[in-house]
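Shown next, in structure tokens, is the structure this report addresses.
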Amino acid sequence: MLTHPDFLWRNPDPKPSYDVVIVGGGGHGLATAYYLARNHGLTNVAVLEKGWLAGGNMARNTTIIRSNYLWDESAAIYEHSLKLWEGLSDELDYDLRFSQRGVLNLAHNLGDVREGRRRVNANLLNGVDAEWLDADEVKKFCPIINVSDSARYPVMGATLQRRGGIAKHDHVAWALARKADACGIDLIQGCEVTGFEIAGNRVTGVRTSRGPIAAGKVALAAAGHTSVLAELAGIRLPLQSHPLQALVSELLEPVLDCVVMSNAVHVYVSQADKGELVMGAGIDAFNSYGQRGGVHVIEAQMAAALELFPIFSRVRVLRTWAGIVDVSPDASPIIGPTPVDGLYINAGWGTGGFKATPGSGWVYAHTLACERPHPLAEPFALERFTTGALIDEHGAAAVAH
Ligand SMILES: Cc1cc2nc3c(=O)[nH]c(=O)nc-3n(C[C@H](O)[C@H](O)[C@H](O)COP(=O)(O)OP(=O)(O)OC[C@H]3O[C@@H](n4cnc5c(N)ncnc54)[C@H](O)[C@@H]3O)c2cc1C
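No gaps in the numbering here: position 313 of the sequence shown is 313 in UniProt numbering, and each next residue is one more.
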């Protein structure tokens with residue numbers, strides 16, 4: 001066990017039993033652990049991570065944060081998250097490099113324009129800041145965008161959420177892990193969950209690569225691997241796992257001071273503190289668990305990026321990668337209990353769950369601790385796929401973030 005004071009968290013061996021076992025040490029698992037301790041005083045908790053902490057999508061995403069979703073249920077949960085982001089650096093006593101630099105969602109056709117304007121109105125009704133910009137205003141806000149009529153997909157306008165922005169993902173993970181650890185929660189790396197102990201219809205523990213661990217409750221927070229895990233407990237989830245790719249450029253002088261996203265051409269880009277352009281692509285269409293994707297997807301993404309930003313034409317790509325995202329039929333998350341007593345899921349955040357990290361952790365911790373869904377999580381129950389009460393966020397979520 002590492003006990004050196006310079007380490008941000010301990011590296012403990014698993015205990016035989018915990019009140020709550022969280023499966024997955026990404027952002028959502030860590031945030032859930034932190035809020036279990038902070039909001040509910042529950043600390044006999046373990047986070048089991050098969051690899052290293054936050055080495056999954058948490059390390060692989062493009063860090064865009066916003067709350068301008070269409071439906072009331074989504075606006076409420078993402079706005080709750082955004083409000084938490086606004087105080088999170090202070091609360092965790094760690095500079096998360098949270099930068100509210102504004103997020104533009106570009107419109108390239110009349111359908112986009114109608115959807116964007118509708119979303120601005122819906123956001124305003126929900127108390128979420130939102131503006132509609134025409135093409136000239138887009139150019140003023142972000143001078144390096146090509147708004148010319150001769151572009152293949154001309155920019156016809158954009159929504160703008162000024163409170164949206166980015167944060168530094170590894171700082172977020174480290175800060176949450178440090179606080180959870182300080183509360184006494186065990187963060188156990190290199191510990192893969194390989195099965196569940198179920199007595200009657202109640203989960204009583206997990207089987208892991210480091211031996212069995214008994215648990216009062218088990219909380220899945222395994223993003224792209226949730227459906228595989230749920231299947232081990234006999235539950236078939238309506239989730240599809242896809243690779244989602246991103247890339248960074250070489251380091252540049254400051255050139256882009258906002259976030260620009262386009263669902264139509266599948267580009268979302270910001271410039272990180274260090275100077276690299278961070279760009280994401282559309283999902284690879286096939287299902288896969290390999291954390292890599294097809295080159296053609298990146299090629300199409302770069303072609304679109306160059307048309308939007310001719311100034312990037314000589315920029316070199318430094319590296320590309322993929323994460324495995326869990327996409328639900330209505331592009332909204334699934335949070336709450338499962339048909340197995342004591343087994344809970346928090347999944348389906350798909351291509352857009354980084355922004356939800358604190359909000360998701362907050363409502364999931366409440367759901368686990370109180371044994372009933374947090375009011376913000378209630379509409380996102382698994383049952384909606386049988387009742388039909390879907391929350392269709394394809395317009396706001398689709399692939400752009
Ligand atoms: C390229 C890309 C770009 C993205 N861009 C954005 C963006 O700009 N904005 C945004 O809001 N979202 C974005 N996302 C989505 C976001 O990253 C995810 O929705 C979010 O990170 C998922 O939650 P998580 O952090 O807990 O997942 P993860 O970090 O993937 O955590 C899940 C963990 O579970 C572990 N695990 C899996 N199976 C087991 C097992 N059997 N036993 C133990 N541990 C297990 C994994 O190793 C992993 O560490 C992007 C994703 C990708 C891939």
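We treat Cβ as the ideally placed atom computed from N, Cα and C, and that holds for glycine.
Where Gly195 is concerned, the enclosing beta strand (DSSP E) starts and stops at Val193 to Ala199.
Per the coordinates, the alpha-carbon of Ser313 lies some 9 Å from the alpha-carbon of Glu307. Between the region 66 to 84 and the region 225 to 235, the count of C-beta pairs closer than 8 Å stays below three; the two stretches do not touch. Within the same chain, Ser89 and His171 come within 7 Å of Asp95 by CB-CB distance, once the 5 residues on both sides are set aside.
For secondary structure counted as the alpha helix (DSSP H) over 4 or more consecutive residues, the region 126 to 199 holds these complete runs in sequence order: 135 to 141 and 169 to 182. Note that the region 255 to 273 touches the region 96 to 109; at least 3 beta-carbon pairs, one per stretch, sit closer than 8 Å. Between Gly216 and Gly342 the beta-carbon gap is near 7 Å, inside 8 Å, which marks them as a contact.
In this chain, Ala54 is not harboured by any alpha helix (DSSP H), its DSSP state being neither H nor E. Per the DSSP secondary-structure output, Ser249 pairs in a beta bridge with Val317. Taking a contact as a CB-CB distance under 8 Å, the pair Gly348 and Ser332 counts as one, their CB atoms being some 7 Å apart.
For Thr62, there is no enclosing beta strand (DSSP E), as DSSP marks it with neither H nor E. Between Thr367 and Pro358 the beta-carbon gap is near 15 Å, outside 8 Å, which marks them as no contact. Shown here for Val315: same chain residues with a beta carbon closer than 6 Å to its own, the five before and five after excluded, namely Ser249 in chain order. Taking the CA atoms as reference points, Gly165 sits about 6 Å from Ile64. Counting C-beta pairs with one atom in each stretch, the region 6 to 20 and the region 206 to 223 have three or more that are closer than 8 Å, which means they touch.
Taking a 10 Å sphere around the C-beta of Arg163, we find 16 or more other C-beta atoms and assign the residue as buried. The residue among Val128, Gly290, Val267 and Arg236 with its C-alpha nearest the C-alpha of Ile298 is Val267.
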